[in-house]
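In our numbering, the protein residues as written are 16 to 576. Note that the Cβ used here is the ideal one computed from N, Cα and C, for glycine as well. Written below as structure tokens is the structure these notes are about.
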RNA sequence: AGGGGUGUAGCCAAGUUGGUAAGGCAACGGGUUUUGGUCCCGUCAUUCGUGGGUUCAAGUCCUCCCGCCCCUGCCA
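Structure (structure tokens):
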């Protein structure tokens, strides 16, 4: 039922959910496992959903069960087909295939019938209080609620009213259908929860067929039950709703699906609230849901994050009931770990400094074969041109080199990766003292990057032949990081104000010709710079790269100290 | 007359019926390396929110206290 590479992803460790399911199976409480991933199509999927996807589909796979994709589309005001389409695409991209594609809206007729059944059983009534009255009469955390004056309506009156609600004979908000439970319940969810409201809105799937829509608490449990979901996994904030979930299914004598809650995912300095993500898109702080800086699945896909890395991440963070905030470095680690063995290498220079090899013949070009991935030589080679004038990274040269600086300095010999040893002989400057070029000599004996006398050099530089350089555009985008916890910003600030400005930097760069063959969506490692993914925005003249992940940089760390 | 959850290292997170604190990330040291990448080796909880108690033995059992999260939508 799935396409997950089990080689890369061994069985997940046993968390409390898997332990519970194993237990249920051993006790023969179920013949098999049936789960579901139930997003509301009111936004794009993000990393938090990835955790739920991996859990629900993963568990089904591990126990030879099935997992449905179900759209919880009961609020037409917020939902759209665009979101449905994006969710289907993102789940597939994550590497999972659903058993059935379901929609709560497909159950509207059945849901309505169950509502009438509740009325006939004397367990639901039509309330005609205003929204404010309902709120007031619900009581508070420490004060019990009071019964609605309409609570004692007869079954006949309730049925008549409810049918008129459906027929569109009342204005929005005039009445609601409520479960008759207990206005003094300690659990506020149980104080006669609203089951149906009148809402004249066009639904993206049912159009104007309905003017009443069921609410989550009534819909979700019944949907689970109709699909024979054995294990309904959801996040912790629904724990209070479990009592009502069970009440509805028991009252209607339906298949006893069971809800189990787990802690939602938080990642340091990362926005994972759908409300905030919608705000970023609507206020145009980003180009769209798939902006490469977005922590959405579509954004990360565009940034070059492989789905394998996300699955690995979800497995490593585990599943538990304690609130948690995972360090972003774990996600980066998972991305790097996957890309290290899969991404081809290329050389690029972000801030070019001209280097002239004075004893190299003018007009001569040599082609060197460099490994595509050094740790997997079988993956082949890339052909890189070398000539008299090349570009190196400006920060790879220091006139007054600190002691642990292994790179180029006056009089210093270093290696140009896979090409030659060079020695810096002179520094050219303009009238302002800015370095304009470096004059070097090369050792013809060191062709390929080694010498007959086995002379060692400490540094290896990356380079691009000046006459062959390919101009590219590089977006040094990161996640749209906030400076700290996005859900807890300083007084008087919006989380928007705390977005890291570094996530906006775009630079022009020069690359070796390897990138010319790259197609959008393909990721390379620009050696020592990081992983970069070719963007769909690219043109034949200008390839645009989004930074997928950085590399560890021990020199930068050391220098900072 | 509140209810429901939860606390194990900087961050995640395992810890069977009580038997002497897994693993990963991060960090730090060292080795290998034609990427200051990768890889390899090593260090990193005398203690599990706090105080009592039971026990030969407590992260696990009992109990007091404390912290944090969720719930008063006709959102999900």
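- Burial state of residue 390 is exposed, judged by a 10 Å Cβ sphere holding fewer than 16 other Cβ atoms.
- In this structure residue 382 is exposed. Its beta-carbon is surrounded by fewer than 16 other beta-carbon atoms within 10 angstroms.
- Boundaries around residue 125 are those of the alpha helix (DSSP H), 123-135, since no beta strand (DSSP E) includes it.
- Cβ neighbours of residue 424 within its own chain (closer than 6 Å, five residues either side excluded): 413, 416.
- Under the three-pair Cβ rule at 8 Å, the segment 486-496 counts as touching the segment 548-567.
- Looking at the DSSP output, residue 28 shares a beta bridge with no other residue.
- A straight-line Cα-Cα distance of about 54 Å links residue 431 and residue 249.
- Counting C-beta atoms within 10 angstroms of its own C-beta, residue 530 has 16 or more neighbours from the protein chains shown and is therefore classed as buried.
- Under the three-pair Cβ rule at 8 Å, the segment 338-351 counts as touching the segment 276-284.
- Pairing residue 292 with residue 482, the inter-Cα distance amounts to about 44 Å.
- The segment 272-320 is shown to contain whole beta strand (DSSP E) runs of 3 or more residues at 273-277, in chain order.
- In the DSSP secondary-structure assignment, residue 246 is bridged to 273.
- Residues 545 of the same chain have their beta carbon placed closer than 6 Å to that of residue 565, with the five preceding and five following residues left out of the count.
- Straight across, the Cα-Cα distance linking residue 113 with residue 83 is about 5 Å.
- Here DSSP, grouped into helix, strand and coil, assigns residue 478 to strand.
- Its chain contains 163 as the residues whose beta carbon lies nearer than 6 Å to that of residue 144, once the 5 sequence neighbours on both sides are disregarded; these appear in chain order.
- Residue 501 and residue 467 have their C-alpha atoms roughly 57 Å apart.
- With respect to the C-alpha of residue 399, the residue from 392, 387, 182 having the closest C-alpha is 387.
- Scanning the segment 342-423 from its first residue to its last, the whole beta strand (DSSP E) runs of 3-plus residues come out as 367-372, 381-386, 396-401, 404-408.
- Three or more beta-carbon pairs separated by less than 8 Å link the segment 180-191 to the segment 214-231, which places the two stretches in contact.
- With 16 or more other Cβ atoms from the protein chains shown falling within 10 Å of its own Cβ, residue 330 counts as buried.
- In this chain, the alpha helix (DSSP H) harbouring residue 266 covers 257-266.
- With respect to residue 547, residue 319 sits close: the two C-beta atoms are nearer than 8 Å.
- Nearest in C-alpha terms to residue 312, of all of 573, 68, 572, is 68.
- Considering only 516, 50, 41, 507, the residue with the shortest C-alpha distance to residue 242 is 50.
- It is roughly 16 Å from the alpha-carbon of residue 470 to the alpha-carbon of residue 456.
- Exclusion of the five residues before and after residue 573 leaves 419 as the residues of its chain whose Cβ lies within less than 8 Å of its Cβ.
- For residue 540, DSSP records a beta bridge to 360, 546.
- Inclusion of residue 88 and residue 97 in the CB contact set at 8 Å is not warranted, their separation being larger than that value.
- With contacts defined as CB atoms closer than 8 Å, residue 496 and residue 518 qualify as a contacting pair.
- Taking residue 133 as the centre and dropping the five residues before and after it, the same chain places the C-beta of 139 closer than 6 Å to its C-beta, in chain order.
- In terms of CA proximity to residue 256, 202 leads the group 307, 125, 364, 202.
- Residue state for residue 183 is assigned as coil, using DSSP reduced to three classes.
- Note on geometry: alpha-carbon atoms of residue 527 and residue 472 lie some 23 Å from one another.
- For residue 239, the uninterrupted alpha helix (DSSP H) run begins and ends at 231-241, by DSSP.
- For the pair residue 219 and residue 122, the Cα-to-Cα distance works out to about 15 Å.
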